[in-house]
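Okay, structure first, notes after.
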Amino acid sequence: KDVVMPSLGFGAGTAWFKAEGDKPAELKQAIKAALDAGFRHIDDAEMYQNTAVVGAAVNEWLAANVESCTRKDLFITNKVFRVEDPGPKAV
Numbered sequence: 054k055d056v057v058m059p060s061l062g063f064g065a066g067t068a069w070f071k072a073e074g075d076k077p078a079e080l081k082q083a084i085k086a087a088l089d090a091g092f093r094h095i096d097d098a099e100m101y102q103n104t105a106v107v108g109a110a111v112n113e114w115l116a117a118n119v120e121s122c123t124r125k126d127l128f129i130t131n132k133v134f135r136v137e138d139p140g141p142k143a144v
């Protein structure tokens with residue numbers, strides 16, 4: 054089976070940069086709404102510093118939609134800010 058990555062993704066980017074205050078909850082809701090709307094590509098970046106919120110939103114959404122979607126159906130992309138110090142290993 055060929056794997057085709059969606060060309061359009063939901064961005065967890067600059068509007069959510071360093072999500073603080075109410076922003077983490079808003080970002081989590083926005084990601085879940087995007088997944089509900091059919092997005093299967095979530096785009097993030099290290100410099101936005103919101104990867105934990107993105108991961109929590111995806112995990113919660115998957116748990117609530119276990120019969121219709123699995124992790125292998127999603128494309129989560131992330132961009133590394135500094136090549137010299139790529140940060141922790143992906144899990």
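Here this note's numbering is used: the first residue of the sequence shown is 54, the next is one more, and so on.
Beta carbons: idealized from backbone N, C-alpha and C, even for Gly.
For PHE63, list the residues DSSP reports as bridge partners.
PHE63 pairs with ILE95.
Okay, do the segment 115-135 and the segment 74-84 touch, 3+ Cβ pairs below 8 angstroms being the bar?
No, the segment 115-135 does not touch the segment 74-84.
Once you ignore the five residues that flank PHE63 on each side, which residues in its own chain have a CB closer than 6 angstroms to its CB?
Excluding sequence neighbours, PHE63 sits near ALA87, PHE92, ILE95.
Tell me, please, which residues DSSP counts as bridged to THR145.
The structure shown does not extend to residue 145, since the chain spans only 54 to 144, so no value can be given for it.
When the distance is taken between beta carbons, is ASP97 closer than 8 angstroms to ILE129?
Their beta carbons are under 8 angstroms apart, which means ILE129 touches ASP97 by this criterion.
What residue does the alpha helix (DSSP H) around GLU120 start on, and which one ends it?
GLU120 -> no alpha helix (DSSP H), and no H or E assigned at all.
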